[in-house]
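Residue numbers (full-length UniProt numbering), protein chains in the order written: chain A, 1 to 441; chain B, 1 to 243. What follows is a set of notes on a single structure, which appears directly below.
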Amino acid sequence: MSASNYATERETTEGRVFTVTGGDWDDVVSGVDPINEGRIVVNMGPQHPSTHGVLRLVLELEGETVREARSVIGYLHTGIEKNLEYRNWVQGSTFVTRMDYLAPIFNETAYSLAVEKLLGITDEVTERANTIRVLMMELNRISSHLVWVATTGMELGAISIMLYGFREREYILEIFELITGLRMNHAYVRPGGVAQDVPDEAIVKIREFLKMMPKRLKEYEDLLSGQPIWLERTQNVAVLDVTGCVALGVTGPVLRSAGLAWDLRKTMPYCGYEDYEFDVPTHPDGDVWGRYLVRMAEMRESLKLVEQALDKLKPGPVMVADKKIAWPAQLAIGVDGMGNSLEHVAKIMGQSMESLIHHFKLVTEGFRVPPGQVYVAIEAPRGELGVHAVSDGGTRPYRVHYREPSFVNLQALPAMAEGGLIADVIAGGASLDPVMGGCDR
Amino acid sequence: MTDSKPSTGGVPVPVTPAGATSGAPAEFPPAAPAGRGMFGNQGTGDVSGFGGLVRPQHAIEDSPRPYGGYFDEVRDALEEAYPAFGEAIEHVVVDRGELTLHIRPERIAEVCQVMRDDPALRFELCSSVSGVDYLGTDERRLHVVYQLTSMTYRRRVRLEAAVSAEEPHLPSVTAVYPTADWQEREAYDMFGVVFDGHPALTRILMPDDWEGHPQRKDYPLGGVPVEYKGAEIPPPDKRRSYQ
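This is the structure:
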């Protein structure tokens with residue numbers, strides 16, 4: 001390489017470094033043979049539009065071939081698990097919902113199931129509460145998969161699918177807002193049931209959604225499935241077989257796209273999933289294309305589940321009867337927009353000193369959970385979402401650990417990327433669908 | 001808290017009542033040892049009657065047989081396939097429909113190997129590896145908890161290995177379950193448990209130059225007091241706690 005005015009070179013401990021200041025690019029690179037010059041280390045992220053959040057990839061390249069890939073995480077670590085230990089068990093819902101922000105209902109449900117199991121009230125959760133949980137989880141699964149198909153499409157060059165995917169997700173978020181009051185971070189599923197009942201207008205809106213969505217899914221497939229670029233970018237890309245998946249702990253659509261029909265809703269049912277009829281879609285190839293097909297099919301299965309859940313919704317309580325675990329009063333939104341219950345206030349202030357004391361104790365202190373530990377796992381959009389909850393008998397969690405599918409699945413990225421082209425790193429990484437909020441917690 | 005107050009930008013600040021800052025419970029550090037409330041009656045005006053309240057702690061006890069469900073089968077299969085069972089397994093606990101095997105830490109990798117490979121056990125998937133710090137209730141306070149899943153038999157079992165904070169070493173199970181790689185790194189990062197034989201045991205969630213292990217119970221939560229309408233709200237770990 002000749003010395004150039006445009007690229008001064010100097011020796012560092014990392015090797016020769018060129019500083020490009022401008023000029024003719026051909027002059028600058030003329031002497032550099034990328035193959036013979038050895039490997040180039042490229043730092044991708046953490047602020048990169050196609051790494052799905054603040055994920056940093058360190059790639060060692062030979063030409064365009066990835067020789068080694070290492071993912072660096074932790075940029076979104078917020079210490080939620082530690083924070084939980086300083087709040088009472090009910091307050092935990094508001095924290096865990098913020099972990100995997102694309103699947104908040106799943107975080108809440110897993111947490112609630114763990115607390116209920118610790119309390120020994122799993123069987124007391126009402127049928128309506130369980131049906132609402134299934135309803136919300138399946139809607140959430142669709143919205144999460146929609147974001148997946150939207151962002152993955154965008155990252156592989158199909159911009160239109162991004163707009164459509166987010167449009168339909170917005171519709172689901174509106175349903176969530178009607179039911180929970182918030183588009184995201186709902187804290188809706190609580191230990192013992194759900195925070196409030198589903199209003200009638202939400203049922204109407206969900207029915208409309210069920211009518212509209214199959215057509216829209218068809219449109220997405222018309223956009224993507226036959227498109228040559230999409231096929232080229234996804235077929236036989238980032239292949240991981242069942243052995244690799246199980247060894248690396250990969251679950252969810254990625255495992256099912258390799259051919260193993262492992263779905264906790266079927267294999268270890270919870271929330272009454274055993275009473276629903278649905279299929280577990282699989283694909284034999286274990287490539288990005290298979291993951292796309294599996295997720296599209298899963299959205300259709302979720303629609304079936306939502307419809308069945310709506311049909312199953314029978315009037316009844318949405319919280320356990322035990323008022324120590326349920327909130328002391330069913331709050332309603334008052335004229336000032338704050339949650340309140342005038343009836344309850346009149347009772348505790350005017351009639352019952354006991355109620356006032358109980359209210360005070362339960363709200364400031366929370367309920368006690370008998371000592372012990374449990375592990376509860378549910379099928380989140382990204383795979384097995386497990387909660388290991390430990391109680392020391394107090395009013396606060398002693399330890400809560402989330403087995404986040406994003407965190408575990410991301411370990412498979414080097415196995416998918418190494419030996420392939422750098423462009424396929426994007427496809428492979430996107431096909432794992434990592435959400436860094438969940439991954440880093 | 002000191003007498004010199006920071007400027008509050010014109011918002012009136014109420015005068016601190018006499019005695020309120022002289023070691024009242026709200027100012028105590030968080031209840032670090034498990035089961036100890038913050039009503040520490042140490043020469044303060046605490047007349048609540050809860051002074052020095054300590055909840056009784058229970059040692060790990062073996063569950064009586066039969067355990068019920070598939071737990072007996074799992075135990076028997078492991079006993080048959082693993083000759084050192086008596087020495088390696090400290091306790092077998094069945095609680096809330098879950099089976100926990102307490103394993104001697106130095107044996108954990110061997111046990112995992114048997115759990116994975118024995119045809120009667122077949123725990124192919126290591127779902128989760130995490131830690132729990134039982135500060136003050138267990139001499140070997142750092143527990144590493146492994147959740148194993150058998151996809152063949154649709155079973156779950158929990159393995160638990162306890163190490164002390166002074167000697168926090170146990171073998172890595174990454175050779176048996178490659179998925180334990182990042183999860184062991186997380187347990188190292190958060191609890192300081194050292195997994196011998198791990199290919200690259202570095203921090204994963206915290207920055208590389210971080211000091212301390214944040215999920216340990218003696219590691220403070222941190223936080224700053226927040227002013228709200230003139231009153232100062234202490235950070236969560238400094239608030240009065242009712243345990």
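Where a beta carbon is used, it is the ideal one built from N, C-alpha and C, also for glycine. This one's a predicted model, so the numbers in the text were calculated from it and none came from an experiment.
Between the region 262-284 of chain A and chain B, which residues of the former have a C-beta closer than 9 Å to a C-beta of the latter? Within the region 262-284 of chain A, the residues whose Cβ lies closer than 9 Å to some Cβ of chain B are TRP262, THR267 and MET268, listed in chain order.
Of all the CB atoms in chain A, is at least one closer than 9 Å to the CB of ILE233/B? With 9 Å as the cut-off, ILE233/B does not count as an interface residue toward chain A.
Kindly indicate if chain B contains any beta-carbon less than 9 Å away from that of ASP424/A. Using a CB distance cut-off of 9 Å, ASP424/A does not count as an interface residue toward chain B.
Are any of the Cβ atoms in chain A nearer than 9 Å to that of SER22/B? Low local confidence applies: a pLDDT of 37 at SER22/B is under 50, so the model's placement there is unreliable, and no value is given.
Local conformation of GLN373/A per DSSP, three classes: GLN373/A falls in the strand class under three-state DSSP.
Between GLY316/A and chain B, is there a C-beta pair that is closer than 9 Å? By the rule that beta-carbons nearer than 9 Å mark a contact, GLY316/A does not touch chain B.
Cutoff 9 Å: HIS359/A Cβ touching any chain B Cβ: Output row for HIS359/A: interface = no.
Hey, ARG67/A and ILE105/A: beta-carbon distance below 9 Å or not? In this structure, ILE105/A does not lie closer than 9 Å to ARG67/A by Cβ.
Can at least three beta-carbon pairs, one atom from the region 342-362 of chain A and one from the region 145-157 of chain A, be found at a separation below 8 Å? Short answer: they don't touch.
Runs of 3 residues minimum, wholly inside the UniProt region "Disordered" (216-243) of chain B: which ones carry the beta strand (DSSP E) assignment? Counting only runs of 3 or more, we get 226-228 and 231-233.
Report the partner residues of ASN409/A according to the DSSP bridge assignment. None; ASN409/A has no bridge partner.
Segment contact flag, the region 152-172 of chain A with the region 227-241 of chain A, C-beta cutoff 8 Å, min 3 pairs: In short, these stretches touch, since the Cβ pair count reaches three.
So with Cβ pairs under 9 Å, would you call THR251/A a contact of chain B? Yes, its Cβ sits closer than 9 Å to a Cβ of chain B.
Can you name, in chain order, every residue of its own chain whose Cβ lies under 6 Å from the Cβ of PHE71/B, other than the five neighbours on each side? Beyond the five residues adjoining it in sequence on each side, PHE71/B comes within less than 6 Å, by CB distance, of VAL94 and LEU99 in the same chain, given in chain order.
Any C-beta of chain B under 9 Å from that of GLY120/A: The Cβ of GLY120/A sits closer than 9 Å to at least one Cβ of chain B.
Short-range partners of chain B found in the region 297-313 of chain A, where Cβ spacing is below 9 Å: The residues in question: there are none.
Under three-state DSSP, which class holds PHE123/B? Three-state result, PHE123/B: coil.
Is GLU60/A helix, strand or coil when you go by DSSP? Strand, per DSSP.
Rounded to whole angstroms, how far is the Cβ of SER431/A from the Cβ of VAL246/A, which I believe are closer than 8 Å? SER431/A to VAL246/A, Cβ: 17 Å. No contact.
Are the C-beta of GLU170/A and some C-beta of chain B separated by less than 9 Å? Not a single CB atom of chain B sits nearer than 9 Å to the CB of GLU170/A.
Taking all protein chains shown into account, do 16 or more other C-beta atoms lie within 10 angstroms of the C-beta of ALA31/B, making it buried, or fewer, making it exposed? Only weak support is given to the placement of ALA31/B: the predicted model assigns it a pLDDT of 41, under 50, and the question is left unresolved by the model.
Just to confirm, is the Cβ distance from VAL400/A to HIS388/A under 9 Å? Taking 9 Å as the Cβ cut-off, VAL400/A and HIS388/A qualify as a contacting pair.
Using a Cβ-Cβ cutoff of less than 7 Å, which residues in the same chain neighbour ARG16/A once the five nearest sequence positions on both sides are dropped? Here the set comprises GLU9.
Identify the contact partners of PRO214/B in chain A, using a Cβ-Cβ distance below 7 Å as the criterion. Among the residues of chain A, those whose CB is under 7 Å from the CB of PRO214/B are GLY79 and LYS82, following chain order.
Let me see if you follow: with CB-CB separation under 9 Å, is SER127/B close to chain A or not? Taking CB atoms only, SER127/B has a neighbour in chain A less than 9 Å away.
Counting only Cβ pairs nearer than 9 Å, list the residues of chain B close to ARG87/A. The answer, in chain order, is PRO236.
Taking the alpha-carbon of GLU301/A as reference, which of LEU410/A, GLU277/A and ASP311/A has the nearest alpha-carbon? Among LEU410/A, GLU277/A and ASP311/A, the Cα nearest to that of GLU301/A belongs to GLU277/A.
Determine the chain B residues that contact LEU248/A at a beta-carbon separation under 7 Å, and present them in chain order. PRO178 and THR179, listed in chain order.
Looking only at C-alpha atoms, which of ILE204/B, GLY223/B, GLU211/B and PRO235/B sits nearest to HIS77/A? Out of ILE204/B, GLY223/B, GLU211/B and PRO235/B, ILE204/B has the C-alpha closest to the C-alpha of HIS77/A.
CB-CB under 6 Å to VAL294/A, same chain, minus the five flanking residues each way: which ones, in chain order? PRO253, ARG256, SER257, PRO281 and HIS283, listed in sequence order.
Rounded C-alpha distance that separates ASP117/B from GLU73/B: Looking at the two C-alpha atoms, the distance is approximately 16 Å.
Helix, strand or coil: how does DSSP classify GLN183/B here? Reduced to three states, the DSSP call for GLN183/B is helix.
Between the Cα of PRO220/B and the Cα atoms of LYS229/B, PRO235/B and GLY230/B, which residue gives the shortest distance? If we check each option's Cα against that of PRO220/B, PRO235/B comes out closest.
Range covered by the beta strand (DSSP E) that runs through GLY420/A: Looking at the DSSP string, GLY420/A is not in any beta strand (DSSP E), and its letter there is neither H nor E.
Helix or strand or just coil, what does DSSP make of VAL294/A? In the structure shown, the three-state DSSP call for VAL294/A is helix.
Who are the neighbours of ILE204/B on chain A, taking C-beta pairs under 7 Å? One finds ILE73 and GLY74 in chain A with Cβ atoms closer than 7 Å to the Cβ of ILE204/B, taken in chain order.
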